[in-house]
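A short write-up of the structure that comes next.
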Amino acid sequence: MGAEQPETIAAIVAAHRAGTITPAQTVARTYQRIRDHNDPAIFISLRDEKDAIAEAEKLAARDAASLPLFGVPVAVKDNIDALGFPTTAACPAFSYTPTHDSTAVERLRAAGAIIIGKTNLDQFATGLVGVRSPFGIPKNSMREDLIPGGSSSGSAVAVGAGLVPLSLGTDTAGSGRVPAMLNNIVGLKPSLGMISTAGLVPACRTLDCISVFALTVDDAALALSVMAGPDQADPFSRDRPLGAITPFPANLRLGVPRNGQLIFFGDRKAEAAYGDALKRWIALGAELVEFDLEPFYETARLLYEGPWVAERYLVINDLLASAPNSIHPVTREITVAGARLSAAETFSALYRLQGLRKIAERTFANIDALVLPTAPTAYTTAQVLANPIELNSRLGTYTNFVNLLDLCGLAVPASMRADGIPFGITLLAPAGRDALLASIGRVFHADTKLTVGAKGVAQAPLAPLAANGSDEIPIAVVGAHLSGMALNGELQALNGQLIEATKTAPDYKLYALKTTPPKPGMLRVEAGKGAAIELEIWSLSSSAFGKFVNAIPAPMAIGTVRLADGRSVKGFLVEPEVLGEARDITAYGGWRAYMKEVAAI
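Numbers 164 to 764, taken from our numbering, label the letters of the sequence shown in order.
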């Protein structure tokens, strides 16, 4: 099983539902890739392969259409509880065995995901570098001399290297975004409280969130939709409905820092790459609006220079007292400072933060989202080991303020530098705008035409959006309304837009009806008893859809058509009572192939 196998969540789920590959085969491939990749620093603990395959085989008894992550292998950062694995937070002396899944993992399993292992991290999720772990330093998937990025190092590398299509990280100060950039993948940092943190070892409990790594924005958004939702077990959980992904907005306004405010620490290649990314946004139709970045920088300084370090101290103060040498020396140096902070200093910082939040609110009054570099530069492992605290701090330039200001974020690959270092941008917006970021981020990423991760896998075309609140309604056509066929002009006259050519699930039969002009009739049969029929999906405005459907003559009807990837869409079906005189042409796989043969006779 090589590179020809599906790589993204969307492709894997579609293949599983279509039966071209089984979940057990996908899980077996994952373990083979882990062996071939041969980096023992990625996983702290790995599930027994036979056990994971057995779970994948049991999925066959469940309804695949109801499982959004049907058979998808997932890796979980080792500060998030998953039943069957110890939770270490990359500190063996801290390790414990959870009695149940974290809420996030529980929801992934319920959606059909297979948890295959726990990944390495900067100890206690303190760091943006990925080099602060007694379990070793995972090799960056793009360039081995680079840091993997942290603290979610193992999770990001596992996705970048193609070992799994989905992993969980955490993000308090940028740990779900910096490693995403450095491994050429997508990092989704949701609004605080959207994903429950029940079962997460805290770093800063008031700021923590579980994050998502994936190869595409659509994959990351799907995983978020599975995990999002309130949770009584988490007092920091919020009921934040996740909006729908929508078409690229016509009047998108993106905030960019005033001239001279950006910091790249002398990295001219990163500076040029950011400029190129802004040109791409303009070409996509966005308007760039300058804003003052200085209050955001001031907020960022509060995270490690202010009282929030005390939250990190609270997590490990017992261990600091009983076994200080079990804690990584850099982590220990950063954390012990939290013990010295006074209540007065804490309240003073809270007051200043509230003022900065008001400034941020005013910034977003006429801006939809900010677009910033994910990180100002990149460093090698050797550089960071020689200067661990200062270089780590630099990497958080555009990330440290985000959770303090209650923003959501989406880190997206932007370009590949000539020196082989990936460059990425991050979109930021007020809490609750997660769907907006996904809606615009997916279009930007697709427009880059970058390969995904480190394996040179091409991006698939963007999937069509379901009709959800927009005026456009998709409709599946299988016969005379196909492109270039006799009745396609009816769709064209209604300003219909071709979205994609695809196939049905293997649950349909196709018949040639005795009509003028010739038309087929498609009938749903018992699951697996039919074939996958070629079709096209067109998009019509709601008023045009109504006109189109109203004009459809019997025996044609509009019903729900199930696609090969599990989606459902409205489309043409036939009334079964007219099929007595019709010819079964299912074996042709579609109307176009049948008509081609008829024309040749």
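Positions of the beta carbon are idealized from the N, C-alpha and C atoms, including for glycine.
Predicted model, so just to flag it, every value in this text is computed and none were measured.
Beta-carbon proximity check, residue i vs residue j, cutoff 8 Å
| i | j | result |
| --- | --- | --- |
| Ile279 | Thr251 | no |
| Gly312 | Leu345 | yes |
| Asp382 | Leu451 | no |
| Leu698 | Thr667 | yes |
| Leu625 | Leu600 | no |
| Ile721 | Val732 | no |
| Ser359 | Thr282 | no |
| Ala449 | Leu415 | yes |
| Glu170 | Val620 | yes |
| Leu246 | Asp226 | no |
| Gly362 | Asp244 | yes |
| Thr462 | Leu291 | no |
| Thr409 | Leu628 | yes |
| Val320 | Lys302 | yes |
| Thr189 | Pro249 | no |
| Asn242 | Thr333 | yes |
| Val724 | Ala639 | yes |
| Ile310 | Gly325 | no |
As assigned by DSSP and simplified to three states, the class of residue i
| i | result |
| --- | --- |
| Arg495 | helix |
| Lys240 | strand |
| Ser304 | coil |
| Lys677 | coil |
| Phe459 | helix |
| Pro624 | coil |
| Leu535 | strand |
| Tyr542 | coil |
| Phe257 | helix |
| Phe527 | helix |
| Pro637 | strand |
| Ala694 | strand |
| Lys221 | helix |
| Val294 | coil |
| Phe510 | helix |
| Leu686 | strand |
| Asp747 | strand |
| Glu740 | helix |
| Leu209 | strand |
| Glu760 | helix |
Between the CA atoms of residue j and residue i - distance to the nearest angstrom
| i | j | result |
| --- | --- | --- |
| Ser304 | Gly323 | 6 Å |
| Lys759 | Asp402 | 55 Å |
| Pro297 | Ala253 | 7 Å |
| Thr509 | Thr498 | 16 Å |
| Glu457 | Ala549 | 29 Å |
| Val534 | Gln660 | 31 Å |
| Lys240 | Phe287 | 11 Å |
| Asp747 | Glu653 | 26 Å |
| Asn631 | Ala386 | Because Asn631 sits at a pLDDT of 46, beneath the cut-off of 50, its placement in the model cannot be relied upon, and the point is left open. |
| Ile426 | Ala435 | 12 Å |
| Ser602 | Ser489 | 44 Å |
| Met579 | Pro637 | 35 Å |
| Ala366 | Ala336 | 10 Å |
| Gly418 | His179 | 41 Å |
| Thr544 | Arg306 | 11 Å |
| Ile205 | Ala407 | 34 Å |
| Phe257 | Ser315 | 18 Å |
| Gln517 | Pro470 | 14 Å |
| Gly429 | Asn347 | 22 Å |
| Ala581 | Tyr542 | 15 Å |
| Val615 | Leu378 | 6 Å |
| Gln424 | Val349 | 26 Å |
| Glu453 | Phe527 | 11 Å |
| Met164 | Asn529 | Residue confidence for Met164 is low, a pLDDT of 35 falling below 50, so the modelled location carries little weight and cannot support an answer. |
| Asp610 | Leu483 | 49 Å |
Residue i CB to nearest heavy atom of the ligand SAM below 7 Å
| i | result |
| --- | --- |
| Ile358 | Ligands are entirely absent from the displayed structure, and the ligand SAM is therefore not among its contents. |
Nearest neighbour of residue i, chosen from the options [CA to CA]
| i | options | result |
| --- | --- | --- |
| Val389 | Ala541, Ala276, Ala750, Gln395 | Ala276 |
| Ala617 | Ile584, Pro412, Gly604, Leu447 | Ile584 |
| Pro551 | Val493, Pro393, Tyr514 | Val493 |
| Lys221 | Arg272, Leu284, Ile175, Tyr194 | Arg272 |
| Pro231 | Ile175, Ser258, Asp430, Pro393 | Ile175 |
| Leu736 | Ala717, Ala750, Arg730 | Ala717 |
C-beta neighbour in chain C for residue i, strict 8 Å
| i | result |
| --- | --- |
| Tyr514 | Protein chains in the displayed structure number just one, and chain C is not present. |
**OP:** Mind listing, in chain order, the continuous beta strand (DSSP E) runs of no fewer than 3 residues lying wholly within the stretch 550 to 600?
**Re:** 570 to 579, 585 to 593
Original post:
Residue ranges of each beta strand (DSSP E) run of no fewer than 3 residues wholly in the stretch 318 to 391, ordered along the chain?
Top reply: 329 to 333, 349 to 352, 373 to 377
**OP:** Mind listing, in chain order, the continuous beta strand (DSSP E) runs of no fewer than 3 residues lying wholly within the stretch 414 to 460?
**Re:** 416 to 420, 450 to 454
Original post:
What are the start and end residues of each continuous beta strand (DSSP E) run of 3 or more residues lying completely inside the stretch 703 to 737, in chain order?
Top reply: 719 to 725, 731 to 737
Original post:
Of all the beta strand (DSSP E) runs that stay within the bounds of the stretch 649 to 677, which reach a length of 3 or more residues?
Top reply: 660 to 666, 671 to 676
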